[in-house]
Amino acid sequence: MFQVLALDLEGTLISNAMSQIPRPGLFAFLERCREMFPRVVMFTTVNEVRFRAIARLLVEEG
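Under numbering that gives the first Met the number 0, the first residue of the sequence shown is numbered 0, with each subsequent residue one higher.
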């Protein structure tokens with residue numbers, strides 16, 4: 000069975016797309032998700048260009 004974990008961006012991983020404050024423990028949470036699921040996808044109303052910019056910023060900030 001192929002498992003996929005879908006994560007919501009706003010209100011779950013970050014506060015919202017405007018302030019972009021990461022939730023406490025976000026990095027460790029995402030690392031664990033990567034260990035547990037072969038595929039992790041995003042489910043969000045934020046458009047893809049904005050999402051990718053937010054994701055890059057989060058990666059850069061660790």
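Ideal placement from N, C-alpha and C gives every residue a C-beta, glycine not left out.
Local Cβ density within 10 Å of Leu-4, reported as buried at 16 or more and exposed below that: It is exposed - the Cβ of Leu-4 has fewer than 16 other Cβ atoms within 10 Å.
Exposure of Leu-56, with buried meaning 16 or more beta-carbon neighbours within 10 Å: Leu-56 should be labelled exposed.
Spatial distance of Pro-23 from Thr-11 (CA atoms): Note on geometry: alpha-carbon atoms of Pro-23 and Thr-11 lie some 11 Å from one another.
Limits of the alpha helix (DSSP H) - the one that Phe-36 falls within: Per DSSP, Phe-36 belongs to no alpha helix (DSSP H) and is neither H nor E.
Where the alpha helix (DSSP H) through Leu-56 begins and ends: Per DSSP, Leu-56 belongs to the alpha helix (DSSP H) from 47-60.
Same chain, Cβ closer than 8 Å to Thr-44, five either side skipped, listed in chain order: The beta carbon of Thr-44 lies closer than 8 Å to those of Glu-9 in the same chain, with the five residues before and after it left out.
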